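K.L.:
Just so you know, the protein sequences line up as chains A and B, in that order. As numbered in the numbering used here, residues 234 to 486 make up the first sequence, in order. As numbered in the numbering used here, residues 358 to 605 make up the second sequence, in order. All residues carry an ideal CB built from backbone N, CA and C; glycine is no exception. Since we're looking at a predicted model, the values are computed, not measured. Just dropping this structure here.
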Amino acid sequence: MLKFYRPALLACGLVLLWQFVVWLSGSPPYILPGPLPVVKAIISHFPVLMGHLKTTFIEIVFGLIIGIFLGISSALTMTVLPRLRFWMLPLLVISQAIPVFALAPVLVLWMGYGMASKVAMTVLIIFFPVCSSFYYGMQRISPDLLELARIMNGSRPAVLRYIIIPSALPSFASGVRVAAAVAPIGAIVGEWVGSSSGLGFYMLHANGRMQIDVMFAALAILSFSSLMLYFFIDYSLNRLVFWEATQEVSDAI
Amino acid sequence: MAEQGIVFTDVSLAFGGHVLFQKLSFSLAPGSCTCLLGPSGCGKSTILKLIAGNPELDFSGTILCAGHGKKAGKTAWMAQQDLLLPWLNVQDNVLLGAKLRGRFNIEKCSKAQQLLEQAGLGRVMQSLPATLSGGMRQRVALLRTLMEEREIILMDEPFSALDALTRFTLQDLSAQLTRGATVLLVTHDPMEALRMANRILVLGGDPVEIQNDIILQGSPPRSVDDAEVVKRYPQLLALLMLEQGPPC
């Protein structure tokens with residue numbers, strides 16, 4: 234039963250802590266509003282907030298879909314075509330070495346103030362964790378399994394399908410979890426740099442008008458929907474790698 | 358006769374400057390079970406890898422399997438780890454070879470089901486390997502090896518990770534089901550060799566050579582109180598002690 238109540242208990246605890254900090258520091262509402270004004274702001278600005286959430290959510294979801302697709306394709310290409318690997322691996326590292334935030338203004342300049350630049354930011358952020366986790370998952374396959382497949386005279390596509398890809402799925406799943414957690418960053422940063430809708434835009438907008446409670450309301454809505462998205466993806470991934478029993482590591486240590 | 362089984366002629370192999378085999382020659386009759394015994398690191402598993410055609414081993418000499426130099430499609434391999442794929446159910450694991458070769462059909466499927474029933478695994482056909490005990494998993498691995506229908510079956514300490522009773526029943530099942538195939542079984546257990554084999558080769562020395570070649574009477578699986586087993590066990594144990602060297 235505790236399993237079901239735990240998220241609610243945690244949320245209550247965090248809200249109480251928040252209220253406690255407000256009370257302790259005596260911060261004015263234009264620096265740190267308490268939970269109650271923020272809830273009021275959520276209620277009063279609900280339709281507007283939902284409109285902006287829709288924009289941000291679409292950006293995140295499209296970014297995730299495209300980023301995961303590109304990550305899978307690149308990892309598979311490097312596995313199937315070893316010669317290309319030596320050219321692609323440095324590119325992968327370079328793609329990660331450039332701070333994506335620094336690219337945001339350039340992307341907005343090239344792709345405009347619409348959704349495309351935000352989707353591109355999200356794709357850039359999640360491509361690396363997805364691609365590298367899937368690729369290294371396929372590299373770490375047990376040599377004995379490959380030897381078994383070789384002795385069985387398996388065809389390359391069949392070995393890929395029945396052995397190599399499934400054995401890399403648990404690793405891929407952890408890459409996608411990371412991607413789901415960081416995807417909102419891409420969309421929000423993109424919106425900060427230049428946009429006319431989205432929760433990131435609305436936060437800056439509210440900040441400029443000293444509506445700090447509205448800013449926190451947007452932040453709360455963003456956090457809540459990011460969490461929901463993460464839990465949905467986590468649930469789907471657990472279904473995908475159904476054979477991975479969730480073992481309690483702490484029990485073994 | 359030797360043309361059909363396994364023939365090693367002047368096989369030499371070195372690992373990083375250390376000579377493992379120097380002109381090793383032997384031949385194994387078709388349709389019989391041969392056990393390789395010897396101290397660890399004496400190259401028992403390497404002999405299996407050579408027969409399986411492992412591309413990483415650069416040897417000289419010739420190795421013929423069932424009359425061919427080309428090993429592809431001649432051998433089936435069973436290892437100490439069951440190597441079952443956790444995402445496939447028991448039946449699909451048994452059919453793995455057929456799936457990998459794209460030769461999966463109804464006949465293969467019904468043969469797998471028949472084998473599973475025969476091995477007492479009929480009830481767990483649709484279960485995932487994670488739900489089975491170690492003995493059951495190794496039984497599935499044995500059936501997967503048999504489903505390959507190869508002339509030569511290579512077994513690398515297949516029962517060594519099991520408890521004594523499970524090992525005993527699996528030895529019986531394996532001896533029954535592999536009858537007629539050319540089996541090469543690597544083991545470190547002299548009792549297993551005596552129960553399972555038609556012939557025992559004891560390896561040892563540096564470079565490794567065949568120290569003893571023992572032909573056993575009667576057909577496997579032998580019971581533990583079989584006259585041949587009772588007579589040979591102390592002898593074999595003494596021989597292995599000698600090969601192992603003094604305890605350190």
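Is any beta-carbon of chain B found at less than 7 Å from that of MET385 (chain A)?
P.N.:
As a working mapping, residue 385 (chain A) is identified with position 152 in the first sequence. It does: the Cβ of MET385 (chain A) has a partner Cβ on chain B nearer than 7 Å.
K.L.:
Starting from MET448 (chain A), trace the alpha helix (DSSP H) in both directions and tell me its first and last residue.
P.N.:
Counting from one through the first sequence, the residue named residue 448 (chain A) turns up at place 215. 445-473 is the span of the alpha helix (DSSP H), which, as asked, contains MET448 (chain A).
K.L.:
Any C-beta of chain D within less than 8 Å: which residues of the segment 439-452 of chain B qualify?
P.N.:
Here the protein chains are A and B, and chain D is not one of them.
K.L.:
Is the beta carbon of LEU596 (chain B) less than 7 Å from the beta carbon of GLY395 (chain B)?
P.N.:
Taking the second sequence and counting its residues from 1, the one referred to as residue 596 (chain B) is at position 239. Taking the second sequence and counting its residues from 1, the one referred to as residue 395 (chain B) is at position 38. Contact: no.
K.L.:
Determine the extent of the beta strand (DSSP E) in which GLU566 (chain B) is found, giving its start and end residues.
P.N.:
In the second sequence, the residue the question calls residue 566 (chain B) occupies position 209. Run containing GLU566 (chain B): 566-572, per the beta strand (DSSP E) assignment.
K.L.:
Please report how far the alpha carbon of GLU413 (chain B) lies from the alpha carbon of LEU381 (chain A), in whole angstroms.
P.N.:
By one-based count along the second sequence, residue 413 (chain B) stands at place 56. By one-based count along the first sequence, residue 381 (chain A) stands at place 148. Each residue's Cα considered, the two are about 14 Å apart.
K.L.:
Assuming contact is defined by CB atoms lying nearer than 7 Å, are ARG507 (chain B) and THR403 (chain B) in contact in what I supplied?
P.N.:
What you label residue 507 (chain B) is simply residue 150 of the second sequence in a count that begins at 1. What you label residue 403 (chain B) is simply residue 46 of the second sequence in a count that begins at 1. The answer is no: Cβ separation not under 7 Å.
K.L.:
When the Cα of GLY362 (chain B) is compared with those of B:GLY479, B:SER384 and B:ALA409, which residue comes out closest?
P.N.:
Counting from one through the second sequence, the residue named residue 362 (chain B) turns up at place 5. The candidate whose alpha carbon is nearest that of GLY362 (chain B) is B:SER384.
K.L.:
In the structure shown, what three-state DSSP assignment does ASP415 (chain B) receive?
P.N.:
For this step, residue 415 (chain B) is matched to residue 58 along the second sequence. Reduced to three states, the DSSP call for ASP415 (chain B) is coil.
K.L.:
Taking LEU617 (chain B) as the reference, which of B:SER389, B:GLN379 and B:VAL497 has the closest Cα?
P.N.:
Chain B is shown only over 358 to 605; residue 617 (chain B) falls outside these bounds and no answer can be derived.
K.L.:
With the cut-off set at 7 Å, would you say ILE571 (chain B) and THR539 (chain B) are in Cβ contact?
P.N.:
Taking the first residue of the second sequence as position 1, residue 571 (chain B) is located at position 214. Taking the first residue of the second sequence as position 1, residue 539 (chain B) is located at position 182. Not a contact, by the Cβ cut-off of 7 Å.
K.L.:
I'd like to know if PRO399 (chain A) contacts chain B, where contact means its C-beta is closer than 7 Å to some C-beta of that chain.
P.N.:
Taking the first residue of the first sequence as position 1, residue 399 (chain A) is located at position 166. Chain B contact via Cβ: present.
K.L.:
To which residues of the same chain is MET482 (chain B) closer than 8 Å at the C-beta, ignoring the five residues directly before and after it?
P.N.:
In the second sequence, counting from the first residue as 1, residue 482 (chain B) sits at position 125. These residues qualify, in order along the chain: ASN446, VAL447, GLN448, GLN470 and LEU473.
K.L.:
Compute the beta-carbon to beta-carbon distance between ILE358 (chain A) and ALA416 (chain A), rounded to the nearest angstrom, for a pair I have assumed lies under 8 Å.
P.N.:
In the first sequence, counting from the first residue as 1, residue 358 (chain A) sits at position 125. In the first sequence, counting from the first residue as 1, residue 416 (chain A) sits at position 183. Going by Cβ atoms, the distance from ILE358 (chain A) to ALA416 (chain A) rounds to 7 Å, so yes, they are a contact pair.
K.L.:
Among the candidates B:THR526, B:ASN450, B:GLN528 and B:MET548, whose CA atom is the shortest distance from the CA of THR635 (chain B)?
P.N.:
Residue numbering for chain B in the displayed model covers 358 to 605; residue 635 (chain B) lies beyond these limits and cannot be assessed.
K.L.:
When the Cα atoms are used, what is the spatial distance from LEU551 (chain B) to ARG589 (chain B)?
P.N.:
Within the second sequence, the letter at position 194 stands for residue 551 (chain B). Within the second sequence, the letter at position 232 stands for residue 589 (chain B). The alpha-carbon atoms of LEU551 (chain B) and ARG589 (chain B) are separated by roughly 8 Å.
K.L.:
Along chain A, in chain order, which residues have C-beta atoms closer than 9 Å to that of THR523 (chain B)?
P.N.:
For the purposes of this step, residue 523 (chain B) is identified with residue 166 of the second sequence, where counting begins at 1. Going along chain A, no residue has its Cβ under 9 Å from THR523 (chain B), so there is no contact; the nearest lies around 21 Å.
K.L.:
On the three-state DSSP scale, how would you describe ASP529 (chain B)?
P.N.:
Indexing the second sequence from 1 puts residue 529 (chain B) at position 172. It is helical.
K.L.:
What's the call for SER531 (chain B), buried or exposed, on a 16-neighbour Cβ count within 10 Å?
P.N.:
Within the second sequence, numbered from 1, the residue matching residue 531 (chain B) stands at position 174. Result: buried.
K.L.:
Give a yes or no on whether 7 Å exceeds the smallest Cβ distance from ASP377 (chain A) to chain B.
P.N.:
Translated into the one-based positions of the first sequence, residue 377 (chain A) becomes position 144. It does; some Cβ of chain B falls within 7 Å.
K.L.:
Is it the case that the Cβ atoms of ASP529 (chain B) and PRO578 (chain B) are separated by a distance below 7 Å?
P.N.:
Counting from 1 along the second sequence, the entry for residue 529 (chain B) is found at position 172. Counting from 1 along the second sequence, the entry for residue 578 (chain B) is found at position 221. Closer than 7 Å, so yes.
K.L.:
Which of the three DSSP states is assigned to SER384 (chain B) in this structure?
P.N.:
Taking the first residue of the second sequence as position 1, residue 384 (chain B) is located at position 27. SER384 (chain B) falls in the strand class under three-state DSSP.
K.L.:
Look up MET482 (chain B) in the DSSP assignment and say whether it is helix, strand or coil.
P.N.:
In the second sequence, counting from the first residue as 1, residue 482 (chain B) sits at position 125. Coil, per DSSP.
K.L.:
Quick check on DSSP: helix, strand or coil for PHE361 (chain A)?
P.N.:
Along the first sequence, read from residue 1 onward, the residue named residue 361 (chain A) stands at position 128. Three-state DSSP puts PHE361 (chain A) in a helix.
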